[in-house]
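Asker:
In this note's numbering, the protein residues as written are 1 to 131.
1. Compute the Euclidean distance between the alpha carbons of residue 25 and residue 80, then round it to the nearest angstrom.
2. Sorted by chain position, which residues of the same chain lie with C-beta nearer than 8 Å to residue 40's C-beta, five sequence neighbours on each side aside?
3. Check residue 98 in the structure and name its three-state DSSP category.
4. So, residue 66 versus residue 124, is the Cβ gap smaller than 8 Å?
5. With a floor of 4 residues, list each alpha helix (DSSP H) that falls wholly inside the stretch 52 to 103, ordered by position along the chain.
6. When DSSP labels each residue in this structure, what does residue 34 get in the three-state scheme?
7. Roughly how many whole angstroms lie between the Cα atoms of residue 97 and residue 57?
8. Would you kindly work out how many angstroms separate the C-alpha atoms of residue 104 and residue 70, rounded to a whole number?
9. Is the separation between the beta-carbon of residue 76 and that of residue 43 shorter than 8 Å?
Here you go:
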């Protein structure tokens with residue numbers, strides 16, 4: 001599997017979440033039946049800013065050689081984000097209401113965690129066009 005595809009998919013996924021959290025925090029809270037207060041809205045907007053920042057990092061790094069020792073900070077940053085986030089979401093789903101949206105998000109996080117673990121642990125081979 002191409003690291004460019006993984007980086008692009010993760011960038012687009014995080015960009016969508018980032019824009020939604022940044023510009024629709026009240027609507028997102030209301031959709032999930034949560035109390036809409038300014039502090040929680042601000043926390044969602046800050047999370048949105050983090051998602052947008054990570055999306056930009058992945059978008060800008062999608063064409064570089066990633067894997068093994070190459071661009072290791074990018075691979076480790078993504079692996080850490082998706083693994084820790086995936087475990088937290090999984091625990092929340094088991095002990096919470098277990099919504100369909102939550103399981104989809106959890107599955108996406110754990111899938112990206114597995115993909116970035118693969119990226120980090122394998123040596124990238126240059127294709128003939130990159131040599």
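We put the beta carbon where it would ideally sit given N, CA and C, even for glycine.
Computed from a predicted structure; not experimentally measured.
Answerer: Quick answer:
1. Here residue 25 refers to the residue found at position 25 of the chain shown. Here residue 80 refers to the residue found at position 80 of the chain shown. Roughly 25 Å between the two C-alpha positions.
2. Position 40 of the chain shown, counted from the start, is the residue given in the question as residue 40. The beta carbon of residue 40 is closer than 8 Å to those of 25, 29, 34 in its chain, skipping five residues each way along the sequence.
3. Within the chain shown, residue 98 is the residue found at index 98, counting from 1. Reduced to three states, the DSSP call for residue 98 is coil.
4. Translated into positions along the chain shown, residue 66 becomes position 66. Translated into positions along the chain shown, residue 124 becomes position 124. Closer than 8 Å, so yes.
5. List check, alpha helix (DSSP H) in window: 72 to 95.
6. The residue labelled residue 34 in the question sits at position 34 within the chain shown. DSSP places residue 34 in coil when its eight states are reduced to three.
7. Position 97 of the chain shown, counted from the start, is the residue given in the question as residue 97. Position 57 of the chain shown, counted from the start, is the residue given in the question as residue 57. One C-alpha to the other measures close to 33 Å.
8. Position 104 of the chain shown holds residue 104. Position 70 of the chain shown holds residue 70. Distance from the CA atom of residue 104 to the CA atom of residue 70, rounded to whole angstroms, is 31 Å.
9. What you label residue 76 is simply residue 76 of the chain shown in a count that begins at 1. What you label residue 43 is simply residue 43 of the chain shown in a count that begins at 1. Going by C-beta atoms, residue 76 is not nearer than 8 Å to residue 43.
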